Amino acid sequence: MYHYIIFNDIYDFSRRPSGAHRIATLLRQKNYNVKVIDYLTNWNLDEVKDLLSSLVSEKTIAFGFSYTWMDDEYVKNIIGNLKTLYPNKKYFAGGQQPFQHEIGLDLMVTGYVEHALDDIINYLVDDIVPKKTSTSTVLNGILINADVDYPAPSINDLTVIYQDNDFINKDEVLTIELSRGCRFACKFCNFPFLGFKHSTFRDKNNVKAELLDNYNRFGITSYTIADDTLNDDDAKLEMLVEVVESLPFDVDFAAFIRIDLIATRPRQMELLKRARVWAQFYGIETFHPAAGKAVGKGMQASRIQDTLLKMRSYMLETLGLYRGTCALIAGLPHEPVESWVETQQWMRENWSDQSWMWWPLDITNDKENTNIQSSFSLNKEKYGYSEITDLKYKEDKIASLKTKKFLKGHQSDDRVFYWQNKHTDFFGALEFVDDVHGTAKLPINFYVLSYKSLVKNNEELLKLPLEYENVWRQYQRQNIDNYKNSTIEYAKRLTTASKML
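To convert a position in the sequence shown, counted from 1, into my numbering, add 893.
See the structure below:
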């Protein structure tokens, strides 16, 4: 049986991404053997080499990387070292992050992979070049833009099946996917599959089976729902309610919610409560009327604010659980800096028991990944943006901001469009965001479910101050160490078994 090894990681180790395990599930369904190695950046190179010495055999076809949250230089270093040990294997990667640097990969796949999988396997096993590939000016390997050439937005079965040797901890928050695509098309959004008129979502029995399997084998009761917008369809919420109310245990969800849909469909509050979706993330973006209209969100700010407050009251009064996180963008069209300050003041006065986040407006200049270009990226001048022309100013600012998290983790780091408009520029927006996040002492955001290991019950989660992040990180490190030790022991048993045979 042919064998694949897939590395998985996320930059802040807060959770293990599901993408690698989704690919592993699909490959196993085709009778391939797959081992996923999680938390890659927490393994040093010698540990990786020792582990692989027990896992790799002549049946090992390729090494894969779940690339969405990975750093180019780190992966390049790993590949370079592995190629000296395993020069005849294939090296591939996939994820939602665009590939911008040559790092030694034989095959790179951007986007959802289901409909491209057969062509990928044919290449990895038999060197058959995929039917559809994309071109790149900087990459030597084969590039597949799956979202363009093998689109997979409407899949009825999105199950992820974990293995016992994934060593899932009962306190982990796993990711579950109910549907793909978004009904909306916000002008700043770089996501694929926007503007869907009708959503396609999973069958209730399919969802229930996944939740029951993870509970029965691992004790998992908490999830982040990956859908771009969970509440885009009442029928999807009703399906989730039916599943949740049929389970023999309480499940808890965090999800991405459009609050303006709640304003127009207030019954959704009840559906979200019954589905136990009580950790909610809202893309508010702005309270400025002209800016909201420019990005495709035209609801009056006062109505948005009123619905936020109603949602908080309703969830706390009926379920006793709620954490709302508002996302805001600095730098949208027509919005002066003074408006950011006013929004920040409203948040402080009305939302201080919840959480909010600011981001600087992100416009990509990546011409090779057309499916991730927003309307702002394609029509910069139309929306009032031009490139900063003072090169010394730009270079000085970039140099001074190299340590900032936004630039370190930026998913289009070489293709940032350093914009300016009549009110400010990219660096002014970034500095405002950095200042806000540096001074605000807010409750833990909608990822609060990740912290449940620190408390006895969900109600106590709502009382955790931000300072508990350090305690939680210590717990996570211990959890990762336990995972590593268990994986090493598993590999040793494989080696012993193979020698016995």
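Each residue gets a CB set at the ideal place from its N, CA and C atoms; glycine is no exception.
Here the structure is a predicted model, which means the values were calculated and not measured.
Suppose only complete runs of 3+ residues qualify. What are the beta strand (DSSP E) ranges in the stretch 1016–1055, listed by chain order?
1035–1038
Look at F992 and L1051 and say whether their C-beta atoms are less than 8 Å apart.
no
Where does the unbroken beta strand (DSSP E) through G1217 begin, and where does it stop?
R1216 to A1223
Tell whether a beta-carbon distance below 8 Å holds between Y932 and Y1344.
no
Leaving out five residues on either side along the sequence, give the residues of the same chain with a beta carbon under 6 Å from the beta carbon of S1305.
With a pLDDT of only 43 at S1305, under the threshold of 50, the placement of this residue in the model should not be trusted, and no figure is reported.
So what does DSSP say about G1112, is it helix, strand or coil?
coil
Straight-line CA distance for M1240 to R909?
31 Å
Is the CB-CB distance between L1342 and D1120 below 8 Å?
no
Using a Cβ-Cβ cutoff of less than 6 Å, which residues in the same chain neighbour W1251 once the five nearest sequence positions on both sides are dropped?
L1221, A1223, V1326 and V1329
Per DSSP, cross-strand counterpart(s) of G1213
In DSSP, G1213 forms no bridge with anything.
Is E1353 helix, strand or coil by DSSP?
helix
S1267 to I916, Cα distance in whole Å?
27 Å
Starting from the C-beta of W1249, find all residues in its chain whose C-beta is less than 6 Å away, skip the five residues before and the five after it, and write them out in chain order.
C1219 and M1240
Segments of 4+ residues assigned as alpha helix (DSSP H) that fall wholly inside the stretch 983–1022:
1010–1019
Tell me the rounded alpha-carbon separation between D1127 and Q1161.
7 Å
Report the option in N1378, L1387 and Y1383 whose CA atom is closest to the CA atom of N935.
N1378
Pull up the distance between the alpha-carbon of T1282 and that of P1182, whole angstroms please.
29 Å
S1248 bridges to which residues according to DSSP?
T1218
Which of the three DSSP states, helix, strand or coil, is assigned to H1227?
coil
Burial state of L1154 (16 or more Cβ within 10 Å)
buried
The alpha helix (DSSP H) with H1330 in it runs from where to where?
F1319 to T1332
What residues in its chain sit with their C-beta under 6 Å from that of H1303, if we drop five residues either side in the sequence?
Any answer about H1303 is weak, because its pLDDT of 40 lies below 50 and its placement is not dependable; what the coordinates show is given next. If we look at H1303 and ignore the five residues flanking it on each side, it has no Cβ neighbours.
Closest Cα partner of Y1116 within the set I903, E1352, S911 and P1336
S911
Just tell me which of L945, L938 and V941 has its CA closest to the CA of L1387.
L945
Residue from K983, K1287, I1061 and V1188 with nearest C-alpha to E951
K983
Among T1317, N1350, M1208 and K928, which has the Cα closest to the Cα of H896?
K928
Tell me where the beta strand (DSSP E) around F1146 begins and ends.
D1145 to I1150
Give the DSSP-derived three-state secondary structure of I971 in the structure shown.
helix
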